[in-house]
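Engineer: Okay, here's the structure, questions in a sec.
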Amino acid sequence: MDLTMNGRKAVITGGSVGLGLAMAKRFVSAGAEVTLVARREKNLEDAKAMIESVGGKAHSIVGDVSTADGCKAVFVNTTSVMGRIDILVNNAGSSQRGPFVDIEDKVWQADIDLKLFAAIRLCRLALPQMRKRKWGRVINILNTGAKVPPAEGAPTSVTRAAGMALTKVMAKEFVSDNVLVNALLVGRIESEQWVRRHELENNNRSLEDFYSEIGATLPMGRLGTAEEFANAACFLASDQGSYISGAALNVDGGLCDVV
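Using my numbering, the letters of the sequence shown map in sequence onto residues 13 to 271.
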């Protein structure tokens, strides 16, 4: 199946590295124009150059979507460079977790602002225009903790579960306007977060050995790749994903116990 996104315009938050960059590369390979949003300018420029080197059309916007003003600036700047937003991928986030009684209010608030309110605010800005044009796609990037929250999984599992409820609410409200809202739930996939964890452990194992050890504990026997995750996102965002809305798809190699 050839996935087509010809002429579509997509914005991806957290788009400069890892899953965000992989999705951007996959989208442009299917014919889309992309705007990458992140806080680190150097990473953004490197990502933009990478996409342009293979013939893709990309823009980069430095922005902090954890604030209301930051979300508004991202929306204004994105629509300025692309003209409109057909596809919104809410990918900004981090893996914040720890013992429940040790998590302070400021940590909870920061997590809610980055992972939940960013999606709320950006969708509130983008959805009216999608509805007017009778075409749109929203993909919320969550994780499998949204369905099966582990011990010491707060605050991430809590905000991701809220993101799954948000996905369903918006899907039901906008589906009659051909604006489709879905979520992709990350399992254990090669990403910048795993690279940072490897560096923090400060041992003599190579990153490849580190990945192999983690992968050996998973049902599929390996970690997923960013490209595999991006393929799922491309399908949902493409013209071929035209009858799917309100789904929360596990991209986890069979890890999650809940469908």
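A virtual CB, placed ideally from N, CA and C, is assigned to each residue, including glycine.
Quick one: which unbroken alpha helix (DSSP H) runs of 4-plus residues sit fully inside the stretch 84–129? Chain order, please.
Structural biologist: Complete alpha helix (DSSP H) runs here, min 4: 117–124.
Engineer: From the DSSP output, in three-state form, read off Lys69 for me.
Structural biologist: Lys69 falls in the strand class under three-state DSSP.
Engineer: I'd like the span of the beta strand (DSSP E) that includes Thr25, first residue to last.
Structural biologist: Lys21 to Thr25 is the extent of the beta strand (DSSP E) around Thr25.
Engineer: Nearest by alpha-carbon distance to Leu154: which of Thr25, Pro140 and Arg136 is it?
Structural biologist: Of the listed residues, the one whose Cα sits closest to Leu154 is Thr25.
Engineer: Rounded to whole angstroms, what is the Cα-Cα separation between Thr156 and Ala163?
Structural biologist: Computed Cα separation, rounded: 13 Å.
Engineer: Have a look at the DSSP bridge pairing and note the partners of Thr229.
Structural biologist: BP columns for Thr229 are empty, so no partner.
Engineer: Looking at Ala42 and Phe112, is the spacing between their C-beta atoms short of 8 Å?
Structural biologist: Against a cut-off of 8 Å, the Cβ pair of Ala42 and Phe112 comes out as no contact.
Engineer: Determine the burial state of Ala80: buried for a count of at least 16 other Cβ atoms within 10 Å of its Cβ, exposed for fewer.
Structural biologist: Its Cβ having fewer than 16 others within 10 Å, Ala80 is exposed.
Engineer: What are the boundary residues of the beta strand (DSSP E) that Glu45 is part of?
Structural biologist: Glu45 to Ala50 is the span of the beta strand (DSSP E), which, as asked, contains Glu45.
Engineer: Taking just the CA atoms, how far does Gly75 sit from Gly19?
Structural biologist: Going by the C-alpha atoms only, they are around 24 Å apart.
Engineer: Return the CA-CA distance between Arg38 and Ala44, expressed in angstroms with no decimal places.
Structural biologist: Spanning the two alpha carbons is a distance of roughly 9 Å.
Engineer: Spatial neighbours of Ala183 within its chain, please: CB distance less than 6 Å, with the 5 preceding and 5 following residues excluded, ordered by chain position.
Structural biologist: Closer than 6 Å at the Cβ level, and outside the excluded window around Ala183, lie Val193, Ser257 and Gly258.
Engineer: Just checking my contact of Val191 with Gly148 at CB under 8 Å: how many whole Å lie between their CB atoms?
Structural biologist: Correct: roughly 4 Å between the Cβ atoms.
Engineer: Can you check which of these residues, Tyr223, Arg200 and Glu53, is closest to His210 by C-alpha distance?
Structural biologist: The shortest C-alpha separation from His210 is found at Tyr223.
Engineer: State the start and end residues of the unbroken beta strand (DSSP E) segment that holds Arg149.
Structural biologist: Gly148 to Asn155 is the span of the beta strand (DSSP E), which, as asked, contains Arg149.
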